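See structure below.
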Amino acid sequence: MSRKLAVVFLAMLVLVAAMGLKTIVTAHGDGSVIMANGGAPAPPTPYKNGGAPAPPTPYKNGGAPAPPTPY
Amino acid sequence: MPGPFACLVWFVCMLCEAAVVVCALKKGAFRRYLLLNLYMGGAVLSELGRFKILSEYGFNSMQYRYFYFYSDAILTIFLYFALIALYSHVFSEMKAERYVKMGALLLLGGTAAFTGAVVLQSSAKLVTHFVVDLSQNLYFVGLVLTYVLWGAILKLRETRTRLIQLVLSLGVYFSLFAANYAIRNLYPPLSSVFVPLIQIFGLFLPLAWAYAFWRLPEEARLVPARLAVIPR
Chain L
260 MSRKLAVVFL AMLVLVAAMG LKTIVTAHGD GSVIMANGGA PAPPTPYKNG
310 GAPAPPTPYK NGGAPAPPTP Y
Chain B
10 MPGPFACLVW FVCMLCEAAV VVCALKKGAF RRYLLLNLYM GGAVLSELGR
60 FKILSEYGFN SMQYRYFYFY SDAILTIFLY FALIALYSHV FSEMKAERYV
110 KMGALLLLGG TAAFTGAVVL QSSAKLVTHF VVDLSQNLYF VGLVLTYVLW
160 GAILKLRETR TRLIQLVLSL GVYFSLFAAN YAIRNLYPPL SSVFVPLIQI
210 FGLFLPLAWA YAFWRLPEEA RLVPARLAVI PR
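Residue numbers (the working numbering), protein chains in the order written: chain L, 260 to 330; chain B, 10 to 241.
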């Protein structure tokens, strides 16, 4: 039982380490992705259509400074 | 269509990937390292498919983009299992294969669950986001796993030369891409230098693995690290 738990613990530890490393490496990234399979030229990601700058979020109406929360 | 240099590197990369499978077959190592060879065989098929779609629809077409990223995700999963096969080889004498398999499946499931949880925050194209993000996350999991495996090899004083060459080349390969990505983001003006390097880095793993299968026999052993002799 303890060996199985050790395997679970190690798997979770590796997952946390990998996601932490990814956060560090891609924190200041330009949104591009790391591709490491084969020598084909990498295209832009399919869900980023065009090179236009991203607009502000639609739920922020106007440019007024946000007030403190009412509660 | 990419330039002639990019096409040349791509073609050479395809040849090197095919060479890995050919070398393994010639040296009788195909079945022993089945998952590594399946990964390389899959990479060759994927490159052929990419080339066909690129020549039919063009570089900026959605067909090429989708095929590229979906095939990349499948290849990354293959590479993950190839890495787990290397774990099984290293831990074979400890009879720990059952635990390696269990840990591998758990880690793959955990990565997929984490990716799904993150992707659910976005609003559109969930499947494509999931596929690309899973590929990215598995890449980093593979990077960490390779370093852990190298630590285990050092700790267990592994001497099988071919196995060490396979693991080390995988570690260098992962690290090259991560370093390239980090440098590109730290120094954006250098992107014009570092972006074309990505394709050239793609040559490293098939070349190193083909060398391992062709030149290093399975029986080859490294001289173990010098043991400390304590006089009595």
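Glycine residues also receive a C-beta, built at the ideal position from the N, C-alpha and C atoms.
Note that the coordinates shown come from a computational prediction; the quantities given were computed from them, not determined experimentally.
1) Verify whether the separation of the beta carbon atoms of residue 154(B) and residue 92(B) is less than 9 Å.
2) Against chain L, does residue 181(B) count as a neighbour if the rule is that its beta carbon must be under 9 Å from one of theirs?
3) Using 9 Å as the threshold, is the C-beta distance between residue 183(B) and residue 278(L) below it?
4) Would you be able to state if there are at least three C-beta pairs under 8 Å between the segment 216 to 235 of chain B and the segment 168 to 178 of chain B?
5) With 9 Å as the threshold, decide whether the Cβ of residue 291(L) is near any Cβ in chain B.
6) For residue 62(B) and residue 79(B), which I take to be in contact (beta-carbon distance under 8 Å), what is that distance rounded to the nearest angstrom?
7) Have a look at residue 58(B) and residue 64(B) and give me their C-alpha separation to the nearest angstrom.
8) According to the neighbour-count rule (16 or more other Cβ atoms, all chains shown, within 10 Å of its Cβ), is residue 219(B) buried or exposed?
9) If you follow the alpha helix (DSSP H) that residue 49(B) is part of, which residue opens it and which one closes it?
10) Are the C-beta of residue 100(B) and some C-beta of chain L separated by less than 9 Å?
11) Check for me: the alpha helix (DSSP H) holding residue 193(B) runs from which residue to which?
12) Would you say residue 112(B) faces chain L, with C-beta separation under 9 Å as the test?
In this structure, then:
1) Here the question's residue 154(B) lines up with position 145 in the second sequence. Here the question's residue 92(B) lines up with position 83 in the second sequence. For residue 154(B) and residue 92(B), yes; Cβs fall inside 9 Å.
2) Numbered from 1 along the second sequence, position 172 holds the residue referred to as residue 181(B). False, the Cβ-Cβ gap to chain L never drops below 9 Å.
3) What you label residue 183(B) is simply residue 174 of the second sequence in a count that begins at 1. What you label residue 278(L) is simply residue 19 of the first sequence in a count that begins at 1. Result no, Cβ atoms of residue 183(B) and residue 278(L) do not sit closer than 9 Å.
4) yes
5) To locate residue 291(L), count along the first sequence from 1; it is residue 32. Chain B, which has a Cβ nearer than 9 Å to the Cβ of residue 291(L), makes this yes.
6) Translated into positions along the second sequence, residue 62(B) becomes position 53. Translated into positions along the second sequence, residue 79(B) becomes position 70. That pair is no contact at about 11 Å.
7) Reading the second sequence from its first residue, position 49 is the one you call residue 58(B). Reading the second sequence from its first residue, position 55 is the one you call residue 64(B). Roughly 10 Å separates the two Cα atoms.
8) One-based indexing of the second sequence puts residue 219(B) at position 210. Counting Cβ neighbours within 10 Å, residue 219(B) comes out buried, since at least 16 surround it.
9) Walking along the second sequence from the start, residue 49(B) turns up at place 40. First-last of the alpha helix (DSSP H) with residue 49(B): 43 to 66.
10) Looking up residue 100(B) in the second sequence gives position 91. No - not a single Cβ of chain L is within 9 Å of the one on residue 100(B).
11) Translated into the one-based positions of the second sequence, residue 193(B) becomes position 184. Residues 170 to 195.
12) The residue given as residue 112(B) occupies position 103 in the second sequence. With 9 Å as the cut-off, residue 112(B) counts as an interface residue toward chain L.
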